[in-house]
Structure formats: structure tokens, C-alpha cells
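Below: one structure, written as C-alpha cells.
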Amino acid sequence: MAQYTLQPDINFVRELQDAGGDNLKRCYQCATCAVACPLSPANAPYPRKEMVWASWGLKDKLMKDVDIWLCHNCGNCSDLCPRGARPADAMAAARNMVYKDLTEPSIIGKWMSGIAGLPYLFLIPAALWLVVWSLRAAAKGSYFPRAADGRIVFGEIFYGDYTIDPIFIITFFGACFILYRGVRKLWEMFKPEGNMLVIGQKKSWIRHLAGVLMDEIVTHRKFDDCEDGPTTGKAAGSRKLGHMLLVYSFVILAFVTAVVALGHWGGKIVPAIEVHTPMSLTFPVKILANIGALLMLCGLAALTARRLTQDRLNHVSNFQDWYLLGIIWLVACTGILSQCFRLADALKPAFVAYYFHLVFVWMLFAYLPWSKLGHFVYRTAALVYVRMYGRS
Amino acid sequence: MAEKIGVYFDVQNIGGGLDVEALAARTREKWGDFVPIVKVCSVLADAVDEINADISSQQLDGVLLCGVSPRAEIGVYRVPAQVEYVNLREQCVLSYKNPDGSQPDFSGGAPEPLAIMAADYVNMGVVKLQKSQPPDSATVSGVRRVLVIGGGISGLTAALEAAATGYEVVLVEKSEQLGGAAVNIPVSSPLVPNWTEKQSVNLNMKISAVVGNPDITVYLKSQMETLGGQPGEFKATIAAPQGPVSIDVGAVVLATGWKPLDNKYLAPMGLECFANVVTAAEFGKRLLAGNVSARRIAFVLDTTIAEDAARDAAEAAAQQAQDGKMAEEEKDAGKFVKEDLESIRHLAYSNAVNSVGMLRLADSVCEQTDDATQAFILYKNMTVPGILERFYKKMQDRLGVMMTKADVTAIREAGNHLVVECKNTLLGMDFDLEVDLVVLPTGMVPTTAKDAVVRFDYRQGPDFPDLQLFDGFTDSNYICFPYETRRTGVYAAGCVRQPMTMDACEEDACGAVLKAAQCIEAASRGVAVHPRSGDASYPVFNFVRCTQCKRCTEECPFGALDDDEKGTPKPNPARCRRCGTCFGACPERVISFADYNIDQIGSMIREVVVPKDFRREGPRVLVLACENDAYPALDMAGMRRRTWNPYVRIIPVRCLGSVNAIWVSDAMSKGFDGVMLLGCKYGDDYQCHFVKGSEICSRRKENIAETLNRLGVQPERVEQLEVGIDEYDKVPDLIDGFVSRIMDMGPNPFKGM
Numbered sequence: 024m025a026q027y028t029l030q031p032d033i034n035f036v037r038e039l040q041d042a043g044g045d046n047l048k049r050c051y052q053c054a055t056c057a058v059a060c061p062l063s064p065a066n067a068p069y070p071r072k073e074m075v076w077a078s079w080g081l082k083d084k085l086m087k088d089v090d091i092w093l094c095h096n097c098g099n100c101s102d103l104c105p106r107g108a109r110p111a112d113a114m115a116a117a118r119n120m121v122y123k124d125l126t127e128p129s130i131i132g133k134w135m136s137g138i139a140g141l142p143y144l145f146l147i148p149a150a151l152w153l154v155v156w157s158l159r160a161a162a163k164g165s166y167f168p169r170a171a172d173g174r175i176v177f178g179e180i181f182y183g184d185y186t187i188d189p190i191f192i193i194t195f196f197g198a199c200f201i202l203y204r205g206v207r208k209l210w211e212m213f214k215p216e217g218n219m220l221v222i223g224q225k226k227s228w229i230r231h232l233a234g235v236l237m238d239e240i241v242t243h244r245k246f247d248d249c250e251d252g253p254t255t256g257k258a259a260g261s262r263k264l265g266h267m268l269l270v271y272s273f274v275i276l277a278f279v280t281a282v283v284a285l286g287h288w289g290g291k292i293v294p295a296i297e298v299h300t301p302m303s304l305t306f307p308v309k310i311l312a313n314i315g316a317l318l319m320l321c322g323l324a325a326l327t328a329r330r331l332t333q334d335r336l337n338h339v340s341n342f343q344d345w346y347l348l349g350i351i352w353l354v355a356c357t358g359i360l361s362q363c364f365r366l367a368d369a370l371k372p373a374f375v376a377y378y379f380h381l382v383f384v385w386m387l388f389a390y391l392p393w394s395k396l397g398h399f400v401y402r403t404a405a406l407v408y409v410r411m412y413g414r415s
Numbered sequence: 068m069a070e071k072i073g074v075y076f077d078v079q080n081i082g083g084g085l086d087v088e089a090l091a092a093r094t095r096e097k098w099g100d101f102v103p104i105v106k107v108c109s110v111l112a113d114a115v116d117e118i119n120a121d122i123s124s125q126q127l128d129g130v131l132l133c134g135v136s137p138r139a140e141i142g143v144y145r146v147p148a149q150v151e152y153v154n155l156r157e158q159c160v161l162s163y164k165n166p167d168g169s170q171p172d173f174s175g176g177a178p179e180p181l182a183i184m185a186a187d188y189v190n191m192g193v194v195k196l197q198k199s200q201p202p203d204s205a206t207v208s209g210v211r212r213v214l215v216i217g218g219g220i221s222g223l224t225a226a227l228e229a230a231a232t233g234y235e236v237v238l239v240e241k242s243e244q245l246g247g248a249a250v251n252i253p254v255s256s257p258l259v260p261n262w263t264e265k266q267s268v269n270l271n272m273k274i275s276a277v278v279g280n281p282d283i284t285v286y287l288k289s290q291m292e293t294l295g296g297q298p299g300e301f302k303a304t305i306a307a308p309q310g311p312v313s314i315d316v317g318a319v320v321l322a323t324g325w326k327p328l329d330n331k332y333l334a335p336m337g338l339e340c341f342a343n344v345v346t347a348a349e350f351g352k353r354l355l356a357g358n359v360s361a362r363r364i365a366f367v368l369d370t371t372i373a374e375d376a377a378r379d380a381a382e383a384a385a386q387q388a389q390d391g392k393m394a395e396e397e398k399d400a401g402k403f404v405k406e407d408l409e410s411i412r413h414l415a416y417s418n419a420v421n422s423v424g425m426l427r428l429a430d431s432v433c434e435q436t437d438d439a440t441q442a443f444i445l446y447k448n449m450t451v452p453g454i455l456e457r458f459y460k461k462m463q464d465r466l467g468v469m470m471t472k473a474d475v476t477a478i479r480e481a482g483n484h485l486v487v488e489c490k491n492t493l494l495g496m497d498f499d500l501e502v503d504l505v506v507l508p509t510g511m512v513p514t515t516a517k518d519a520v521v522r523f524d525y526r527q528g529p530d531f532p533d534l535q536l537f538d539g540f541t542d543s544n545y546i547c548f549p550y551e552t553r554r555t556g557v558y559a560a561g562c563v564r565q566p567m568t569m570d571a572c573e574e575d576a577c578g579a580v581l582k583a584a585q586c587i588e589a590a591s592r593g594v595a596v597h598p599r600s601g602d603a604s605y606p607v608f609n610f611v612r613c614t615q616c617k618r619c620t621e622e623c624p625f626g627a628l629d630d631d632e633k634g635t636p637k638p639n640p641a642r643c644r645r646c647g648t649c650f651g652a653c654p655e656r657v658i659s660f661a662d663y664n665i666d667q668i669g670s671m672i673r674e675v676v677v678p679k680d681f682r683r684e685g686p687r688v689l690v691l692a693c694e695n696d697a698y699p700a701l702d703m704a705g706m707r708r709r710t711w712n713p714y715v716r717i718i719p720v721r722c723l724g725s726v727n728a729i730w731v732s733d734a735m736s737k738g739f740d741g742v743m744l745l746g747c748k749y750g751d752d753y754q755c756h757f758v759k760g761s762e763i764c765s766r767r768k769e770n771i772a773e774t775l776n777r778l779g780v781q782p783e784r785v786e787q788l789e790v791g792i793d794e795y796d797k798v799p800d801l802i803d804g805f806v807s808r809i810m811d812m813g814p815n816p817f818k819g820m
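Each protein sequence line maps, in turn, to chains Z and Y. Converting from the first sequence to this note's numbering requires adding 23 to each position, the first position being numbered 1. Converting from the second sequence to this note's numbering requires adding 67 to each position, the first position being numbered 1.
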């Protein structure tokens, strides 16, 4: 009987090694990792099988594997691995490969996979916003104009109606579309070949999604389960707290942005709800925004400190890890600086900071499908998938 | 014959409430002039000077130390007289329990059975010394020359090591160049720490060191014609191109290595059917010549296909033989025909070497092609011996090396490539693997499986005796002693002994040379080599009574005895390991050692006081215990306060093979109710220090049973039981079980006659 013909790919192994799984060849399949993992199910546990697929360069198997998304990266497996193969990092590397290859245009994925692509990633929004800046400067007659009442108003240069909003709306919906396609593709890949029989009552994916959001994302429950493995004798670090702060800060800032956008565009129809920017510091929305910014800084500090103090032997942060932390740091810092310079009436620094803020925010969202931040969509999709098909 | 014996009691090591003074008084009274000195010492170890003084003042020729086991204080009592021990501590007091099985209370003095037992043992000790003589050594010249057979990596190393140790060396190599199998392995698995890197073998350096060494004579294109004589003065005849060369040598290192298993065994896996299926040895040669263009290579370590095919073929052949279709081959009775021991099993034995070898080859081919090659290692058992685990780890890091445990179920050709079918893999699925080349393991068949290599000029034949356990490997499998063969003075090293990696071959060669050196030195002093190292006694024949029955010459596990045309045995003391199997075999009892003989043990048996009243005073059971395994196990049991029936009397023997049927008759006529032969295990996992002792004993026991039956004594009164040296916890139960069976049988009908 003809069986599945294996297609090992050495280049894929090399890519995985470059993407953070540099020790994966050391694995000798003892399965300590699969036992150490608090989340791994008894049925076809991970990451033991992923390690052998990785070392054999079975791209197909690894890319289609839903289990790489179930891993919440506590690192227990790496701590306990007798060969220092760092399975946790290999799993992260496998996810990085998905970020890289899942969606088009793949050139961005390539740029996102190493420091060499960083200049391109930066130059695109930098040029974009510079064009906007110079066009408005030409119209206003100055690169650093003040508002009629002498205040610093970023809208003077980065005018909402015709520049910022359309660009970000296109970026946002573009990213959403790419992510949607990515999730569809991923979903198809997760499905095993042949027919799958699902026993029991089925729920729609929407209700499963609600379940994932309420059960897992709001509570961050998996983070607790994840840490709850065999004692490795090492400090766990404040992963859950840092991640939670960051997630909630994003939620708050997303809410604030929505309110402002609604106020701005809705105000054109219903003047009563019009919101003028810059908002006063005592305005509730502004207060909430600043709380969000502070939470973001706290979360970033916690997560960065954790990565810096990790045991270097068993845990190595890869480029994607640092890219994501770095870009959020830059977004947060340039945002806060913009506000501070504006309030301090430092005209030129304020505009420069705001310019960079726009560059980094654009980078964060435009490249989201290819960056580690994509996990918030892909992992959610995987969690919904496994709820639908009974693998926990 | 010791005629003046000093008896010393070691009070601190006796205990048990025994009245030592009374025991001493009885000994003095019983033996009178034979024992001019009986002393009770509170601490015997402090009295060594006193013993020495007694020996010189009283001209004592024997010293009997009553206290600890002879195994306990080795080396403490080195005095200029024969020394014998009475084991009153481990096997008397510490192991004592009351006849009803209750634990004794020593506070009111020794229980009566204990006192009787102690007195018996002391008397037996005195008799043993009386019947013992200090041995004179049978020294031979001890030629300081080592013959190394085989010029491969093991042989070359052995030659250099022996020369460096100060011996002359004669190296015999069959082919026209030195190097052996290593010629095709210029880079091997690690040879030195850190055991991680492939290493250059530097064979040429080794060869030139051998060739340039004035103490080493090399005979190329030569083989052994005969090896006769005995260790220390072997006569080797070498069939050299210039004609036979006769040389005296002291000892022999056998390093003739291996031959690859016949390709027919691997044909079921595609060898010789498909052009791109090769053995590891062939692949190594191609790699060396730069002739490997395949970029997908399967290294198949799972040889189940070949093993199944071989098993089916064997079954079919057996069936055919059963059907009577096979013509019985007439053997020429006089002529030696070497049985071909090559079999598929050699493939499995070679698994460890192949595991390491395939890792090395896979890594090398990836290295040569800048990691453009995919090397799949499909194994059933990835076995890397010992510290080579480090090498495995290192090889695993190579990008192109991919490993999985797999059942390889088929290898077939498909177009211009091969397909390897794998099942039950670590990848969690069954799969086909498309490859350009399949590399199969090499079965290492020891040269001794195919040929009588050394060609002994011995009574027992030119070949090593085959135990039918090792498929031709020369190892005699003394559990803990490598190098030993069943021909004293011939030490095996390298792959002729066991398939091994090159680092192990080098170490093995050093070990075998040390053994050879020991052997030459021992022979020149006339003492035994392992396992009775340093024993100066040797078998002495009283030819007047010899009936030329040849039992001794045939049963000697080491082929030590030759004979003349009439069958009169010709002893070769330096070949002898002093086990006593010959005198156990001798129906005429013409063989004896100076300090160990038939009469001596018989007298000890007769010295035990056997009461007439079986019910009231208990039975008496004799235990003849092998001193290598059973006796230490008994000592350990005593040390751990395991107890056994106080009616047994234990006599150590050198080997159960040395037990002569007359001892059983002696015991039965003395009135003993049972005789227990306590020896080591035999069969597949035999532990006998003399290879065959307990097995021979079990065969002789059948004859003994027959004799007993004729005399009207139940043959069940004699039992042979097996015990491992580590089974101290079981041995008391063995004894008690036997005693209770004897109790059920009732008294020996000869008792009191």
C-alpha cells in the first residue's frame, strides 16, 4: 500500500533554526517536554512530535499543526529538557514561520523575519508620513504651524479628515482583510485530511469565539494553567500580569480611538456628540486614554523585565519577540512624549514626536498579520477551532 | 601432611555464648600431640607476632585460625606455615537458629546444637590441615615473548603495548599489509576524550611504529600452523611465505578481528538486488573514494526484514530435515572439521558498532556536501556504547541527519530511486521515504566463527571449545572478566571477542596485553592465573592406578591435559586453572592437589559427629558449597543475620566440578541424611568461574543417583541447587527447604551401621 511520502526539507529546518529554534536538532525524543507541559493533552501530546517534525524539516506537518497555537509559551519544557533543545523556543519559531508565510504579500513576512528587513519596514511609513507632512506644510506655509489661537494642534499638519483617518482606515481594514484570509487559510490547514466526525451537540463558531474571549482572554486563565506545571525551581516572572495589562491597555486605547473617531465623524452629522482634539486633560475620554497609556507602560516594563531576566541557557528571545515589544514601547513612548511636548508648548519636538508616533502606530497595525502580534488573531482562531473539534 | 598444628581461637570474633575455653580444652584433649598449641586469644589480629613465635619455637607446620570466615581477613595472617580457617563467625554463630526455627538466646551460654557444630567445624579444620601439604610450584621457563595474531587496530595496539611493557613481540598477519579493517576507516568515531568528534585513526603512524620497533617481528601473509605446549613455553609454528617458522612464546593475544557477514543474509533487504543498496562497509569505501553522489540516503539499522527471512529459511530447512530429505553427511571421525558458525545473529550483535558507524558516516557525508545531503537513520535500537553517547549527541546536531525509530517493512525500487517503507515511527505516522541510496549495516562475524585460527595442538582439538552460546565469539564469558578464553594463556582482544568500536579495540588490546604479561609472570613462578591467581598447587597424577579412561582429559574445561596414544594423561600445569574438575571426574581417584584432595575432604566428612538418634538429636546434612559463589553468599547471609538449620555442615569446594562421587558415598556411609551440592548457575547465563563445573556436576549427579538407588538409599537425598553470589537472601531458604525434605524422608538407612 502506498503510504504518505515524506518530503523532508532541510532549508525549512535552517529557517526554523534562524527563527529561534537553533537547538531543535538536539532533541532525542525522550518526551520529557510533553510530560512537563501543563496544557498538553494526553492524546497526541505536544511538543515532542513537533520537535521531530521540525528536525526532519516537515514544513507541511508543522505549519498545519494546531498545537503550536495551543502552547502558551510558559517554557516549562525548555527548563526540563535534558538536552537543552529548547522546545518552547522551537514552538515559537514554528509560529514565526506561520507569521512569515501565511499571508500575502510575502515580502513583508520576509522583512519581518530578521533585523535586515527592519529598515524597509520603517522607511515605508516614514516616507508616507513625510509626504503628508510636506504637502500640508506647503499648504500651511510652515512645517511647524501653530493654530489660530496659538495652541499646538497636530491636526494642523496631520489633518484628520483627509490624511490620518483615510490612511488608517485603509490600513485597518486592509489588515483586517489580510487577517481574515489568513485565518481562513489557517483554518483549512488545521482540518485533517478526510472526513472528521464530530460527536455531540455542535455550537456555531460565534458562540465558541465568545467562549474563548470570555473564558480565556478576559480572564487569562490559560496563563495560570500554563505556569501550573512541574516545578522547575526557577522564578516564573510576571507573565500573566504584564500580558494582561498590555491587553487591557490596548482595549482601552481602542475604545478611546473609537470614541474620538465617532465624535469626529458623527459630530459632523449630530453636532451634540462632536469631539474636538486635542481634548482637555480633564475630559473623561482623555483621562481614560492616559490611564491606558500608563497601563501599557507598566505591562511593557513587566514583560521586558521578564525577558531580560530569563535563564539564557533555556530561553532565548527571538527577533519577533523583540520587534513586538520594541514597537509597542516606541508607540507608547512617542505617544506620551507628543502629549508632553504639546502641553509644554515645545513646538518642534512635539511635531517630531507625533510624526514618529504615527510611523510606529502604522507599523504596529499595518504589519500585524506578519508579526508576532498576529497571535492575538491566529491563536484565538486556533482556540476556537479546537473548541469546535474537541481538542483542548 | 601437617603434623604439628597450632590452633588459635579469636574470641572477639566468635561470640554466641560459646564456651571457647571448653572448646579449646576439648580440641587439646582430642588431638593431643598433633596440636601442641591451643590458644584462646581475645583479639587474634593482635597475636600475629605470637603465632610467628610459636611457629619457630614449636616448629609448627600448620596454623588453624578459628573465628572469621577465610574471606574476611585476607592478608592479615601471612605466616610461614600452612594456614587454615574455621568459619565460626559467619557460618556458625551468626547464622545459628534453634532446631525448631526460633531465634536463640545466647545469654545463658551457647545452645547445645551450636556447641556441637562449633566442635565439628574445629575438628574438620584440624583434619583438613593434617591432610594438606604446602604445594611446590610447577614452574616453567616463562618465555618473555608475546605472540599477537592479527595485525588490525587491536593487534597493532597490542604489539606496541606489549613491546612497551618489555616483552618481545611476534605479530602474525594473514594479509599482505598491516591495518586490517581499519584501512577503510581513516576517520573513526572518537578515540579519546571528549568523545564528541570524529577522529583520524592515524593508522600509518601505528603501522610504522610497529614496523620500526626492534622488539616486534612481523610475519605478513602468514597464519598459525599450530600452537602447542603451555603458557610460558608455548611452541608456535607459523606458516609464513618462506616456510614454517617455529617460535617459543610465553602467551598469545588473539586479535584476528572479523569478516563481513555474507551478503546473502541481507538480500531480503535489497542488497545485490538493487544497485543502490550497499552495506556500511561498502559505503565507507565509496565515501572515501569520493564516489557518493546520492543526496538522499537512508541508513537502515532495523534489519527485521532480513532476520525474518533468515528465520523462515531456517524453519524451512528444519522442516526439510525432519521430512528426512536431507542426506546424513558422513563425517570422517578422525579429521577435524570446523563448524561454520556464521549466522544472521551476527547482525544483531553488531548493532552497537553499526549505530555508531552509521552516525559517523551520515555526519561525514553531510559534511562533505556542505549540508546538502539528507541522511535518514532508521533504527530499531540506537545503541551507542558508554561514553560515545556524547558522540551521538554531537552527530545529532548535524542539519541533514534525521533519525527516527522505525519498523522498516520494505525496500523497493521505484523509477530511478528507492522507496523505504517505514511503520511505527516517532513521527506519529507510517510513511514512505524516497531515497537515492540505502545503506545497510555490516554484520561482524568473528574470524573464530569460520576458522580454527590458532590451531591448537591440544588433546581437545585445534579450535576453541564451543559453548554454543556465543556464535563463534571467543569470549568465554567469565561474567566480569573480558579477554579470558578457555585456552589458558590465549587472550582475545577486539572484534574477535565482541563487535566493538575502534576506541574499545584499543582499550581491549591494552587489557589483553596485561593479561598476557600476568600469564607469563605467573607461569614463570609456577602459579595459577585467573581465577585462582597465585595458587601454587597443581594436579598430581598417581599413574600407577590410572586406567586410561580419559575422563579427566575430556572433561577439563580448559583442555589442560593432553594424553599419549594409550590414553595416559599428560598434565600441563601452566594451562591448568586448578579447579579440580579432573579429580572430580576420576573414578580411580588418582589425581590430587597438595592442599586439596579426595582423601582430605573425605576425612573432613568422616570427622563430623553424626548422632544415632535422628528424631532427638537431629539429622546431619552435608553442604558442599562452591567457594566462588555459594560460599560468599553464605558468608553474606551470616553477616546479615540470616539463619539456617543448625544440623548442616558446610565444606567449601573449589568448584562443584571437583566434587567426586566418593564424597557422597563417604557421607552416606558416615550416616549423613542428605548431601546438598550448592553451586552456581549453569546454562545460558552460567556463572561458573570454571565455565562448566556446576553443569558437569549435575551430569555426574545422575550417576550418583543411580548408585544410591542400587544401595537402597533414596536418590533425593542428594540435591544440587543453584545460587548466585548475590542471593544471600535466598540461600538460607534453600538450605532449610532441603533439610525439611530430609526430615520428611526420615533417617538415612545406613545411619549407625
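C-beta atoms are modelled at their ideal positions from N, C-alpha and C, and glycine is treated no differently. Just so we're clear, the structure is a prediction, and the values are computed from it rather than from any experiment.
| Item | Value |
| --- | --- |
| Taking residue 434 (chain Y) as the reference, give the member of Y:500, Y:254, Y:603, Y:334 with the closest Cα. | Y:254 |
| Let me see if you follow: with CB-CB separation under 8 Å, is residue 63 (chain Z) close to chain Y or not? | no |
| In chain Z, what lies closer than 8 Å to residue 500 (chain Y) by C-beta? | 28, 29 |
| With a Cβ-Cβ cutoff of 8 Å, do residue 242 (chain Y) and residue 288 (chain Y) count as a contact? | yes |
| Please go through the segment 391 to 474 of chain Y and give each complete alpha helix (DSSP H) segment of 4 or more residues, from N-terminal end onward. | 412 to 416, 418 to 435, 456 to 463 |
| In the segment 242 to 275 of chain Y, which residue ranges form an unbroken beta strand (DSSP E) of at least 3 residues, counting only runs that do not cross its ends? | none |
| Mark residue 186 (chain Z) as exposed unless 16 or more other C-beta atoms lie within 10 angstroms of its C-beta, in which case mark it buried. | buried |
| From the DSSP output, which residues share a beta bridge with residue 490 (chain Y)? | Y:474 |
| Report the rounded CA-to-CA distance for residue 682 (chain Y) versus residue 716 (chain Y), giving the unit in angstroms. | 18 Å |
| Can you name the residues that DSSP bridges to residue 305 (chain Y)? | Y:291, Y:312 |
| Can you list the residues of chain Y that residue 51 (chain Z) reaches, using a CB-CB cut of under 7 Å? | 463 |
| Closest by CA to residue 130 (chain Y), which one among Y:137, Y:152, Y:337, Y:143? | Y:152 |
| Leaving out the 5 sequence neighbours to the left and right, which residues in its chain are closer than 8 Å to residue 24 (chain Z) when beta-carbon positions are compared? | Residue placement at residue 24 (chain Z) is flagged as unreliable, the pLDDT there being 49, under the threshold of 50; a coordinate-derived value is accordingly withheld. |
| Give the interface partners of residue 435 (chain Y) over in chain Z, defined as CB-CB distance under 9 Å, in chain order. | In chain order: nothing, as chain Z lies at least about 15 Å away. |
| Quick check on residue 67 (chain Z) - is its C-beta less than 8 Å from some C-beta in chain Y? | yes |
| Kindly give me the distance between the Cβ atoms of residue 351 (chain Z) and residue 386 (chain Z), rounded to whole angstroms, as I take these residues to be in contact under 8 Å. | No, residue 351 (chain Z) and residue 386 (chain Z) are not in contact; Cβ-Cβ is about 10 Å, not under 8 Å. |
| When burial is assigned at 16 or more other CB atoms within 10 Å of the CB, is residue 686 (chain Y) buried or exposed? | buried |
| What is the C-beta distance between residue 8 (chain Z) and residue 178 (chain Z), in whole angstroms, given that I count them as a contact (C-beta under 8 Å)? | Summary: the structure shown does not reach residue 8 (chain Z), with chain Z confined to residues 24 through 415, and so no result is reported for it. |
| For a quick check, are the C-beta atoms of residue 109 (chain Z) and residue 341 (chain Z) less than 8 Å apart? | no |
| Under three-state DSSP, which class holds residue 799 (chain Y)? | helix |
| Check the Cβ of residue 36 (chain Z) against every Cβ in chain Y and list those closer than 8 Å, keeping chain order. | 466 |
| What residues in the segment 468 to 501 of chain Y bring their beta carbon closer than 7 Å to a beta carbon of chain Z? | 469, 471, 488, 493, 494, 495, 496, 497, 498, 499, 500, 501 |
| Could you have a look at residue 574 (chain Y) and say whether DSSP puts it in helix, strand or coil? | helix |
| Touch check for the segment 488 to 495 of chain Y and the segment 337 to 348 of chain Y: three-plus C-beta pairs under 8 Å? | no |
| What residues from chain Z crowd round residue 438 (chain Y), counting only those whose CB sits closer than 9 Å? | 33, 37 |
| On the premise that residue 465 (chain Y) lies in contact with residue 503 (chain Y), defined as a C-beta separation below 8 Å, what is that separation, rounded to the nearest angstrom? | About 18 Å separates the two Cβ atoms, so there is no contact after all. |
| With a CB to CB cut of under 7 Å and the five nearest residues on each side skipped, what residues in its chain are close to residue 175 (chain Z)? | 169, 365, 368, 370, 373 |
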